[in-house]
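Numbering-wise (my numbering), the sequence shown opens with residue 582 and increments by one.
C-beta atoms are modelled at their ideal positions from N, C-alpha and C, and glycine is treated no differently.
These figures come from a predicted structure and were not determined experimentally.
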Amino acid sequence: MTAPQRKRALVTGAAGGLGQEIAVQFAARGCAVAVVDINGAGAEITAARCRELGGETSTIVSDLTQTGVPERAIAAAVDAWGGLDILVNNAGYGAIEPFLEMSDALWDRTLSLNVTALAMALAAAGRVMRAQRSGRIINITSPASRMALPYYTAYAASKAAVDAITRSAAVALAPFGVLVNSVAPGMMDTEMQRSTELDLARVEGRNDLDTFLAERTRRVPLGRRVEPAAVAGGVVWLALDAPDYITAERLNFSGGLDRD
Ligand SMILES: NC(=O)c1ccc[n+]([C@@H]2O[C@H](COP(=O)([O-])OP(=O)(O)OC[C@H]3O[C@@H](n4cnc5c(N)ncnc54)[C@H](O)[C@@H]3O)[C@@H](O)[C@H]2O)c1
582 MTAPQRKRAL
592 VTGAAGGLGQ
602 EIAVQFAARG
612 CAVAVVDING
622 AGAEITAARC
632 RELGGETSTI
642 VSDLTQTGVP
652 ERAIAAAVDA
662 WGGLDILVNN
672 AGYGAIEPFL
682 EMSDALWDRT
692 LSLNVTALAM
702 ALAAAGRVMR
712 AQRSGRIINI
722 TSPASRMALP
732 YYTAYAASKA
742 AVDAITRSAA
752 VALAPFGVLV
762 NSVAPGMMDT
772 EMQRSTELDL
782 ARVEGRNDLD
792 TFLAERTRRV
802 PLGRRVEPAA
812 VAGGVVWLAL
822 DAPDYITAER
832 LNFSGGLDRD
């Protein structure tokens, strides 16, 4: 029996939160992992965790919102390893702004990372995978994409765009055997979630933060938040284990918050 081929994965936004867990779980499964993030110190921590598990890593510190950077990150991984089997578009940004006080600066920042950078990385990886005739791409979306969120509209709209891009990409890449799916995590207590909920409490005039957070948790049908490591397990399953007839799918990992 021949040994299973080592997979080569690139994870954006892998310096912390969900992205770090995804990178570490890929390393635990024997994958080579390219860690891409604007936060160099965090990216190094992720790479060190991957190496402890015996994984080969490459760290790419860059701001994905700059023109040409997503494509260069993909090219760097392909140069290092001769190809790319998995792309996880995980890097994301969101901030609270009341609907009637929205700023174009927040829309630009949100869309340039969550939408444009994701689409450019996806197309660059898609070209590599088209030539290979194989590959799997997973985009991180959010239950927010289908909710009415008057304080979080730019973020919700950006994730609705991720859903649209996932559908288009799945169809564009299907003839080449490349699968494109998404994962919608529920509430994970990461850096992003913490700062968002603090701001939300402030704009809603809530000083009772613990009660506010508990109320939000109770809205999840399963009645609890989810660990990033659990969601990462779903991403890794789609990338390495899921049957190869699943594409254009959205895996809801939100404890029943998202039911479609
Ligand atoms: N936390 C939640 O509850 C939740 C829920 C649903 C979806 N999500 C999504 O999950 C994904 C991961 O979020 P998280 O909660 O782990 O957040 P996080 O803030 O912990 O991680 C985001 C990562 O992206 C990196 N990043 C930000 N701007 C960048 C840029 N310009 N270039 C390169 N890297 C950049 C950050 O440095 C960070 O490491 C995001 O797409 C987010 O929208 C999170």
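For ligand 1, I want to know if methionine 710 counts as a neighbour, meaning its beta carbon is within less than 7 Å of at least one of the ligand's heavy atoms. no
Buried/exposed call for proline 607, threshold 16 Cβ in 10 Å: It should be noted that the sequence gives phenylalanine, not proline, for residue 607. Looking at its Cβ environment, which holds 16 or more other Cβ atoms inside 10 Å, phenylalanine 607 is buried.
Runs of 3 residues minimum, wholly inside the region 601–634: which ones carry the beta strand (DSSP E) assignment? 613–618
Residues near glycine 707 by beta carbon distance below 6 Å, same chain, minus five either side: Leu754
Per-residue burial, leucine 760 [other beta carbons within 10 Å of its own, 16 or more giving buried]: buried
For the putative contact between leucine 832 and glycine 815, defined by C-beta atoms under 8 Å, what is the C-beta separation to the nearest angstrom? 6 Å
I'd like to know if the region 742–754 and the region 707–723 are in contact, where contact means that at least 3 CB-CB pairs between them fall below 8 Å. yes
Compute the minimum distance between the beta carbon of isoleucine 619 and the heavy atoms of ligand 1, and state whether it is under 7 Å. yes
Tell me whether proline 802 counts as near ligand 1, meaning its Cβ is closer than 7 Å to at least one heavy atom of that ligand. no
Closer than 7 Å: threonine 734 CB and nearest ligand 1 heavy atom: no
DSSP state of threonine 646, grouped into three classes? coil
Could you check whether the Cβ of glycine 600 sits closer than 7 Å to any heavy atom belonging to ligand 1? yes
Flag aspartate 644 as yes when its Cβ comes closer than 7 Å to any non-hydrogen atom of ligand 1, and as no otherwise. yes
The beta strand (DSSP E) that contains serine 723, what's its start and end? Here serine 723 belongs to no beta strand (DSSP E), and DSSP marks it neither H nor E.
Determine the burial state of alanine 750: buried for a count of at least 16 other Cβ atoms within 10 Å of its Cβ, exposed for fewer. buried
Assign glycine 636 to one of two classes, buried (16 or more other C-beta atoms within 10 Å of its C-beta) or exposed (fewer than that). buried
What number of angstroms, rounded off, separates the C-alpha of alanine 702 from the C-alpha of isoleucine 655? 7 Å
Using a Cβ-Cβ cut-off of 8 Å (strictly less than) and excluding sequence neighbours within five positions of valine 773, which residues of its own chain qualify? Note on identity: in this sequence residue 773 is methionine, with valine being the wrong assignment. Excluding positions up to five away in sequence, the list reads Gly598, Gly673, Tyr674, Gly675.
Assuming the contact rule is C-beta atoms closer than 8 Å, arginine 714 and phenylalanine 757 should be a hit. Round their C-beta distance to whole Å, please. 6 Å
When the Cα atoms are used, what is the spatial distance from serine 739 to aspartate 689? 10 Å
Arginine 787 to serine 726, Cα distance in whole Å? 25 Å
Tell me the DSSP secondary structure of glycine 716 in three-state form. strand
Ends of the alpha helix (DSSP H) at phenylalanine 793? 790–799
Measure the alpha-carbon distance for leucine 591 versus methionine 728 and round it to whole angstroms. 29 Å
Roughly how many angstroms lie between the CA atoms of glutamate 562 and aspartate 841, to the nearest whole one? No statement about residue 562 is possible, as the shown extent of the chain runs from 582 to 841 and does not include it.
Closer than 7 Å: is that where the CB of glutamine 606 sits relative to any heavy atom of ligand 1? no
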